[in-house]
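Undergrad:
Protein chains: 2
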Amino acid sequence: MILTVTLNFALDITYELDRVEWGRTNAVRPVGRRAGGKGVNVARTLHQLGHAVTVTGLAGGTTGAVAREELTTSGMTDAMVEVSGESRSTLVVVEAGGEVTGFSEPGPEVSGLEWDGFADDFPDLVDGASVVVLSGSVPPGVPVDAYARLIGLAGAVGVPVVLDSHGDALVHGVAAGPAVVAINAEELSGVLGSDEVSVVAGAERLRRHGVSAVVVSSGPDGIVCVTEEGSWRAAPPERLSGNPIGAGDAATAALAVGLVEGRSWPERLCDAVAVSAAAVCAPLAGSFDDSVYRRLLARLEAEEIGAS
Amino acid sequence: MILTVTLNFALDITYELDRVEWGRTNAVRPVGRRAGGKGVNVARTLHQLGHAVTVTGLAGGTTGAVAREELTTSGMTDAMVEVSGESRSTLVVVEAGGEVTGFSEPGPEVSGLEWDGFADDFPDLVDGASVVVLSGSVPPGVPVDAYARLIGLAGAVGVPVVLDSHGDALVHGVAAGPAVVAINAEELSGVLGSDEVSVVAGAERLRRHGVSAVVVSSGPDGIVCVTEEGSWRAAPPERLSGNPIGAGDAATAALAVGLVEGRSWPERLCDAVAVSAAAVCAPLAGSFDDSVYRRLLARLEAEEIGAS
Chain F
418 MILTVTLNFA
428 LDITYELDRV
438 EWGRTNAVRP
448 VGRRAGGKGV
458 NVARTLHQLG
468 HAVTVTGLAG
478 GTTGAVAREE
488 LTTSGMTDAM
498 VEVSGESRST
508 LVVVEAGGEV
518 TGFSEPGPEV
528 SGLEWDGFAD
538 DFPDLVDGAS
548 VVVLSGSVPP
558 GVPVDAYARL
568 IGLAGAVGVP
578 VVLDSHGDAL
588 VHGVAAGPAV
598 VAINAEELSG
608 VLGSDEVSVV
618 AGAERLRRHG
628 VSAVVVSSGP
638 DGIVCVTEEG
648 SWRAAPPERL
658 SGNPIGAGDA
668 ATAALAVGLV
678 EGRSWPERLC
688 DAVAVSAAAV
698 CAPLAGSFDD
708 SVYRRLLARL
718 EAEEIGAS
Chain A
418 MILTVTLNFA
428 LDITYELDRV
438 EWGRTNAVRP
448 VGRRAGGKGV
458 NVARTLHQLG
468 HAVTVTGLAG
478 GTTGAVAREE
488 LTTSGMTDAM
498 VEVSGESRST
508 LVVVEAGGEV
518 TGFSEPGPEV
528 SGLEWDGFAD
538 DFPDLVDGAS
548 VVVLSGSVPP
558 GVPVDAYARL
568 IGLAGAVGVP
578 VVLDSHGDAL
588 VHGVAAGPAV
598 VAINAEELSG
608 VLGSDEVSVV
618 AGAERLRRHG
628 VSAVVVSSGP
638 DGIVCVTEEG
648 SWRAAPPERL
658 SGNPIGAGDA
668 ATAALAVGLV
678 EGRSWPERLC
688 DAVAVSAAAV
698 CAPLAGSFDD
708 SVYRRLLARL
718 EAEEIGAS
């Protein structure tokens, strides 16, 4: 079982329409409404890839309850922990021309007691997991070293962690030594405080802070990994258009699978690129187009990058 | 008591942010979340004006339940009728620069049995009302002559009706003889099938189909009424910026009050213009800025329009 952690759990709402008229009221077509947050997208991808997955994190209120119900209906195991605040919604507006605009609410205020309760019960959940994936932002009230604490707890029972976050939560998380850090190029620039460093050099710099492997996605330009064993790059062999929200989470799911199955880094990278591109072709975050995935995977090759 | 009818009841969500970056994911500030639909906006304005108000319509699912709870908390009487479908959400995105963009979901599929049940129980609700206000679109499955049927039922027990709708529901409603039709200039053009008719001539044409008074709002250009007793025009004496969604509903509320209290048409018109402009100054649809309302009301005068 792979355990995904979504501290800022959400109800994802997707609106589809031909074209948004800004400054007006727009009628939208019947909408998608399902559990969300980056960790849930990862879990959904893992489930579609055929892996058993348990979803944990903090959920509250009616919004949390509706999202949890959908989680179970979709075949994932719900191990969310209840908080007193109301879980957030996230909205994605998809225009027929391909423009995708998202709106992300801050999330519920979580008390110190609620957070401690989650962390105290976390080892029991980790106990049955082969890998833990920590994804996304932390809701208000959860301390900035939250991921560092969870990485420590997983490490204590020998379960490796894949971390995808940004800002201070990422900085603290990196210091706790996750097995893999999976981020996008923008998050990497953000945490380095500069966008004048190449992706490879930036990933290498981050890796030296105690991570075995840093994987950086640059959207359609592909993915780079910098690991103890070497560095590789892979990119989709064709341009794909669609909804890029959740594509990074699909890549993270592939990296978790690679860790479980002990695949080589070039294999993991090709898998991450293929599923990520296939996710762009599916209208809802967390899903991927199976035929696109297979087609790309057959054509992909990772290229080794010389030491910088 | 004034009875407002919202067949397409909603949970209104308002996002505020400095500026939307289209094609990206935008972090939004903590959000407003309350009962909505045009009839609820009317009810909220009536409540703020100090009138007892009962809200009915069709509500379903978790979204309906959350919205109904807010309705009661806000001091309105909840007489919604439960349907099996899930009530819709509407989203309003307000940018600091004043741009307001709305997204409106279609609403739940209502069965013929559910609609008949509502109509059968309607006379009991109307029984205690001084005026009935019918507002907005009808959800999928509700027949296009829905408002005509409700106007007939209210007429049978001598309770006058204010109707604010558009398209076919408006056309059918007009034929059933409501006391007042309150619409905006765009809805008038839509129902006349032409925007080459002046607002006054168009309102007169609509009135001849069996309505005592037709009131047409042209946003910041003010409101025109064409009635059996004459025609008047009033416009806000100053330009106000803010959220125009719900401003028309505030005007409709003022017209309902004018009907209850037997005010003159020039008085009703000034009241409608003042509360509508004051609604633009309040961030959430259904609320108005009390001091703006009083200030404008003191300065407003209606101008009589000669026979066309």
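These protein sequence lines are chains F and A, in that order. Taking the numbering used here, the leading residue of the first sequence gets 418, the next gets one more, and so forth. Taking the numbering used here, the leading residue of the second sequence gets 418, the next gets one more, and so forth. The beta-carbon is built from N, C-alpha and C at its ideal position, and this holds for glycine as well. Here the structure is a predicted model, which is why all the values come from computation and not from measurement.
Identify whether F:Asp-495 lies in helix, strand or coil by the three-state DSSP scheme.
TA: Correct three-state label for F:Asp-495: strand.
Undergrad: Indicate whether F:Asp-666 and F:Gly-607 have their beta-carbon atoms separated by less than 8 Å.
TA: Cβ atoms of F:Asp-666 and F:Gly-607: not closer than 8 Å.
Undergrad: Would you mind sorting A:Ala-719 into buried or exposed? The rule is 16 or more other CB atoms within 10 Å of its CB.
TA: A:Ala-719 comes out buried.
Undergrad: Based on the DSSP secondary-structure assignment, which residues constitute the bridge partners of A:Ala-599?
TA: According to DSSP, A:Ala-599 bridges with A:Val-632.
Undergrad: By the criterion of Cβ-Cβ separation under 8 Å, what are the contact partners of A:Asn-601 in chain F?
TA: Near A:Asn-601 there are no residues of chain F at all, since even the closest Cβ is about 12 Å away, more than 8 Å.
Undergrad: Should A:Ser-725 be labelled buried (16 or more other beta-carbon atoms within 10 Å of its own) or exposed?
TA: Unreliable placement is indicated for A:Ser-725, whose pLDDT of 48 sits below 50; no coordinate value is reported for it.
Undergrad: Entirely within the stretch 628-686 of chain F and at least 3 residues each: give me those beta strand (DSSP E) ranges in chain order.
TA: Listed in chain order, they are 630-634, 640-644, 647-651.
Undergrad: Alpha carbon to alpha carbon, what distance is there between A:Asp-495 and A:Arg-461?
TA: Distance between the alpha carbons of A:Arg-461 and A:Asp-495 is about 12 Å.
Undergrad: Only counting the same chain, and skipping five residues up and downstream in sequence, which positions put a Cβ closer than 7 Å to that of A:Val-561?
TA: The residues are Asp-585, Ala-586, His-589.
Undergrad: Quick check on F:Glu-678 - is its C-beta less than 8 Å from some C-beta in chain A?
TA: No, because no Cβ of chain A sits closer than 8 Å to the Cβ of F:Glu-678.
Undergrad: Could you list which residues in chain A have their beta carbon closer than 7 Å to that of F:Thr-479, in chain order?
TA: Under the 7 Å cutoff, chain A gives Thr-479, Val-483.
Undergrad: Which residues, taken in chain order from the stretch 429-463 of chain A, show a beta carbon closer than 9 Å to some beta carbon of chain F?
TA: Listed by position along the chain: Ile-430, Tyr-432, Leu-434, Val-437, Glu-438, Trp-439, Gly-440, Arg-441, Thr-442, Asn-443, Ala-444, Val-445, Arg-446, Pro-447, Val-448, Arg-450.
Undergrad: Along the chain, where does the alpha helix (DSSP H) containing F:Phe-520 start, and where does it finish?
TA: No alpha helix (DSSP H) contains F:Phe-520, which is instead part of the beta strand (DSSP E) from 517-521.
Undergrad: Chain F partners of A:Glu-522, CB-CB under 7 Å?
TA: Val-445, Val-448, listed in chain order.
Undergrad: When the distance is taken between beta carbons, is F:Glu-522 closer than 8 Å to F:Val-500?
TA: Going by C-beta atoms, F:Val-500 is not nearer than 8 Å to F:Glu-522.
Undergrad: Taking 8 Å as the cut-off, decide whether the C-beta atoms of F:Leu-551 and F:Val-527 are in contact.
TA: Cβ distance not < 8 Å, so F:Leu-551 and F:Val-527 don't count as in contact.
Undergrad: Can you tell me the Cα-Cα spacing of A:Ala-694 and A:Leu-508, whole angstroms?
TA: Cα to Cα, the separation comes out at about 22 Å.
Undergrad: Measure the alpha-carbon distance for A:Val-498 versus A:Asn-458 and round it to whole angstroms.
TA: Rounded to the nearest angstrom, the two C-alpha atoms are 18 Å apart.
Undergrad: Got a sec, what are the start and stop residues for the alpha helix (DSSP H) F:Asp-586 sits in?
TA: In the sequence as displayed, the identity of residue 586 of chain F is Ala instead of Asp. It spans 584-592 - the alpha helix (DSSP H) in which F:Ala-586 sits, taken as one unbroken run.
Undergrad: Can you tell me whether DSSP reads F:Leu-756 as helix, strand or coil?
TA: Examination of residue 756 of chain F is not possible in this model, given that chain F is present from 418 through 725 alone.
Undergrad: Any Cβ of chain A within less than 8 Å of the Cβ of F:Leu-420?
TA: Answer no: the Cβ-Cβ gap between F:Leu-420 and chain A never drops below 8 Å.
Undergrad: How many angstroms separate the CA atom of F:Glu-684 from the CA atom of F:Ala-469?
TA: Cα to Cα, F:Glu-684 sits roughly 21 Å from F:Ala-469.
Undergrad: At 8 Å on the CB atoms, spell out the chain A contacts of F:Val-517, in chain order.
TA: Going along chain A in sequence order, the residues near F:Val-517 (Cβ under 8 Å) are Gly-440.
Undergrad: Take F:Pro-540 and list the residues in its own chain whose beta-carbon comes closer than 7 Å to its own, dropping the five residues that flank it on each side.
TA: Only Leu-570, Val-574 meet the Cβ criterion.
Undergrad: Taking the beta carbon of F:Ala-444 as the centre, do at least 16 other beta carbons fall within 10 Å, making it buried, or is it exposed?
TA: Exposed, because fewer than 16 other Cβ atoms sit within 10 Å of the Cβ of F:Ala-444.
Undergrad: Assign F:Arg-656 to one of two classes, buried (16 or more other C-beta atoms within 10 Å of its C-beta) or exposed (fewer than that).
TA: Exposed, because fewer than 16 other Cβ atoms sit within 10 Å of the Cβ of F:Arg-656.
Undergrad: Count the other CB atoms, across all protein chains shown, that sit within 10 Å of the CB of F:Glu-645; report buried if there are 16 or more and exposed otherwise.
TA: That one is exposed.
Undergrad: Could you check the C-alpha separation between A:Lys-455 and A:Leu-428 for me, to the nearest Å?
TA: Computed Cα separation, rounded: 11 Å.
Undergrad: Reducing DSSP to helix, strand and coil, say where A:Ala-452 ends up.
TA: The answer is strand: DSSP assigns A:Ala-452 an E or B state.
Undergrad: Shorter than 8 Å from the beta carbon of A:Leu-475 to some beta carbon of chain F?
TA: No - not a single Cβ of chain F is within 8 Å of the one on A:Leu-475.
Undergrad: Suppose the cutoff is 7 Å on Cβ atoms and the five residues either side in sequence are ignored; what does the same chain contact list for A:Val-549 look like?
TA: These residues qualify, in order along the chain: Leu-420, Val-422, Val-543, Ala-571, Val-576, Val-578.
Undergrad: Assign A:Glu-604 to buried or exposed, taking buried as 16 or more other Cβ atoms, counted over all protein chains shown, within 10 Å of its Cβ.
TA: With 16 or more other Cβ atoms within 10 Å, it is buried.
Undergrad: Is F:Leu-717 helix, strand or coil by DSSP?
TA: If DSSP states are grouped into helix, strand and coil, F:Leu-717 belongs with coil.
Undergrad: Quick one: give me the first and last residue of the alpha helix (DSSP H) that A:Leu-701 is part of.
TA: First-last for A:Leu-701: undefined, no H or E at that position.
Undergrad: Can you give the Cα-Cα distance for F:Leu-424 and A:Ala-602, rounded to whole angstroms?
TA: Their backbone Cα atoms lie some 48 Å apart in a straight line.
Undergrad: Measuring only the C-alpha atoms, how far is A:Arg-450 from F:Ala-563?
TA: Computed Cα separation, rounded: 29 Å.
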